[in-house]
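A quick write-up on the structure given underneath.
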Amino acid sequence: MIQMTKPGDKTEAVAKNPITVNEPGSDVPLKNPMILIPAGEFVMGSDDGGVDEVPPRAVYLDAFEIQQYEVSQHQYDEFVASTGHREPLNRYVKDIHFLNHVNQPAIYVSWLDAYEYCKWQGFRLPTEAEWEKAARGTQGLVWPWTERFEPSFANFQGESDRGVFTMVVGSYEKDKSPYGLYDMAGNVQEWVQDWYDSEYYQTAPIRNPLGPERGEEKVLRGSSWRDSLYSGRLSGRLKMIPGYRYEAVGFRCAKSRE
């Protein structure tokens, strides 16, 4: 069993509750299957969040597939080795040795890096609408779970959830969407395809929205081990320039259903 303990400011807390990143035998890289999201409507947006989440509306999406887990370190390393694409800028990340297990999510990748990885796999990044449907299902969930909120249900900032850093993908059974996708609320924020526009929902089409045609920032969805649990609300929207790389940002891929 591999355990992650960090010296310094959190030594005592970690020593009391060691951070387990894998079970025995799971040094073997995990597979990352595609999950089918059937065609149909779902509720996108919310009246209870930020001003960029309104109005909530029924959106129809064609069927698509999306990866069950965030892209892992091992999977991204294969891409780098095969293509010569630049490596994640991890030499500047403090405590990188706590973040680079083969089954922890790939981090320090920009939107452009994520786009190229998905393209190499024959996939693409999910649209913002696809990501939200895959996370919320057709019930309009606030969180992937239906019980009352508990901060231990996903990997957010703080120690109550066992995760001081990123955790192996799929470590939180509660952080699983109605379609079986893991880590949609926590672990790392995820790049999606769309340009960001705070007023896009007011004019967006209600069938297969693709986001604005242009912009300066791309959308990030979900929360991370670095962020508050509030930002893990499944309708929440974040934004960042496409070249941004950070230790709390990763991605997963999608593809259209033929």
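Taking the working numbering, the leading residue of the sequence shown gets 3, the next gets one more, and so forth. Where a beta carbon is used, it is the ideal one built from N, C-alpha and C, also for glycine. No experiment lies behind these values; they were computed from the predicted model shown.
- Secondary structure at Gly160: coil, using DSSP grouped into helix, strand and coil.
- Burial is judged here by how many other beta carbons sit within 10 angstroms of a residue's own beta carbon; Glu152 has fewer than 16 and is exposed.
- The segment 167-177 and the segment 100-107 touch, with no fewer than 3 CB-CB distances between them shorter than 8 Å.
- Taking Asp64 as reference, the option from Ile208, Lys220, Ser230 and Ser225 with the minimal CA-CA separation is Ile208.
- Judged by DSSP in its simplified three-state form, Phe44 adopts strand.
- Close CB contacts of Gln123 within its chain, under the 7 Å cut and outside five residues either way in sequence, are with Cys255 (chain order).
- About 30 Å separates the beta carbons of Ala206 and Ile109, which is beyond the 8 Å limit, so they are not a contact pair.
- Pairwise C-beta distances place the segment 78-89 out of contact with the segment 46-59, as fewer than three of them are shorter than 8 Å.
- The closest CA to that of Glu215, considering only Arg223, Ser225, Trp227 and Tyr202, is found on Tyr202.
- Spatial neighbours of Gln159 in its own chain (CB-CB distance under 7 Å, excluding positions within 5 residues in sequence) are listed in chain order as Trp227, Arg228, Asp229 and Ser230.
- Per DSSP, Trp193 lies in no alpha helix (DSSP H); the unbroken beta strand (DSSP E) holding it starts and ends at Gln191 to Trp197.
- For Ser74, the CB contacts under 8 Å within the same chain, skipping 5 residues up- and downstream, are Pro31, Leu32, Asn34, Val104, Asn105, Gln106, Pro107, Ala108 and Val171 in chain order.
- A Cβ-Cβ distance of about 15 Å is found for the pair Ala136 and Gly188, leaving them out of contact under the 8 Å criterion.
- Burial check for Leu236: the Cβ neighbour count within 10 Å reaches 16 or more, so the residue is buried.
- Residues of the same chain with a CB within less than 6 Å of the CB of Glu43, apart from the 5 flanking positions on each side, are Ala60 and Tyr62 in chain order.
- Sorting Cys120, Leu183 and Arg164 by C-alpha distance to the C-alpha of Gly224 places Leu183 at the top.
- Between Gly47 and Ser233, the alpha-carbon positions lie close to 14 Å from each other.
- Look at the segment 170-235 and you find these whole runs of beta strand (DSSP E), each 3 residues long or longer: 191-197 and 220-223.
- With a beta-carbon spacing of about 22 Å, Pro128 and Gln204 fall beyond the 8 Å limit used to define contacts.
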